[in-house]
């Protein structure tokens, strides 16, 4: 196969900043249309020093390790139930956290390797550098060794995703971990407090309890904001039945390390209190990595509240700069959505197709102990949009 040569005055036809699912999907699709593509990817270490390879959040610290640990917890439950179906299971059975982490990390590394091989086979250049804009067609790749590389491209795709957000209270960054750290934690988490009741927090609390560790969820206002309330109540009830504890309407105020190595967490709420835990996991939302790109140098505009890019058909306010995935304002933060948007964008740019990404009626799943999938409007959203007298609700008792 002859080498792919960029068209025009630039080094590449397409420069992708971010080696996650959406960026890679667009890069590979563009390459299949004969375009020369470069992918920049760099992982800034977490507050605990955790880092990982190419593939983005889903592969390394998101969907894949989460589902593996969720499945591990389900296996434990199945083993216990197996005795009732004739299986002779040793009593007591035991679980080893270190073995699970090793298996999860080995799988992730295999996906990292396959991704690198795919890029090479498709003649997509991979640069392990942090990209920052110099202008609308130029990005400076900053390497770990301090060197810099100036890269120009006709089109640029921003697909840098986001990272966990830390709440502001003393001791948080010093002593707490996030989902960036949990899946490679070298020692068992033990008694864990999860701060935050979104899907990430509930999923982590659910599988940790299923693996045999005490898990408590601190909830500031409500569980699973934006999801159907009836279903959320079922999810919460099932988790409580499994032994997950909930601290409702509580706000953490301080984390400190005790002489015994435990973490003392203090909180305010309807009743102030404190408790000791082995691990504190913060899961209060994510922050888009848009500001880290020096977007003003390219003239890019960012939504003042979300810090994300406002786009029309994935196009930013700068005509040759696009964005997909978690950096898009008002769009679902879901891997399959980013992949589809990336593929369609490459098709429109380089293959003459007209199809645009449809962000309505996107299905999603929460891997809590009681797995919950949904699509379309919640009952509350439907009532707000169409009024209650025009809504028919059919429910089936659990």
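Numbering (full-length UniProt numbering), first residue to last: 1 to 398.
No residue lacks a Cβ here, since even glycine has one placed at the ideal position from N, Cα and C.
Residues of the same chain with a CB within less than 7 Å of the CB of residue 336, apart from the 5 flanking positions on each side, do not exist. Beta bridge pairing from DSSP links residue 323 with 158.
When C-alpha distances from residue 167 are compared across 287, 159, 149 and 124, the shortest belongs to 287. Here DSSP, grouped into helix, strand and coil, assigns residue 366 to strand. Going by C-alpha positions, residue 294 is about 6 Å away from residue 132. For the pair residue 226 and residue 387, the Cα-to-Cα distance works out to about 18 Å.
In the structure shown, residue 316 falls within a coil segment according to DSSP collapsed to helix, strand and coil.
Inter-residue distance for residue 233 and residue 265 is about 26 Å (C-alpha atoms, whole angstroms). Under a 10 Å Cβ-count criterion, residue 36 is classified as buried, with 16 or more other Cβ atoms of the shown protein chains found around its own Cβ.
The C-alpha of residue 230 lies about 49 Å from the C-alpha of residue 140. A distance below 8 Å separates the beta carbons of residue 23 and residue 159. When DSSP states are grouped into helix, strand and coil, residue 131 belongs to the strand group. Under the DSSP definition of a beta bridge, residue 152 partners with 138. According to DSSP, residue 39 shares a beta bridge with 16 and 126. The DSSP-derived three-state label of residue 54 is coil. Apart from the 5 residues on each side of it in sequence, residue 244 sits with its Cβ closer than 6 Å to the Cβ of 205, 209 and 215 in its chain, given in chain order. With contacts defined by Cβ atoms closer than 8 Å, residue 43 and residue 27 do not form a contacting pair. Segment contact: the region 190-206 against the region 85-94, fewer than three CB-CB distances shorter than 8 Å; contact not assigned.
Secondary structure of residue 215 (DSSP, three-state): strand.
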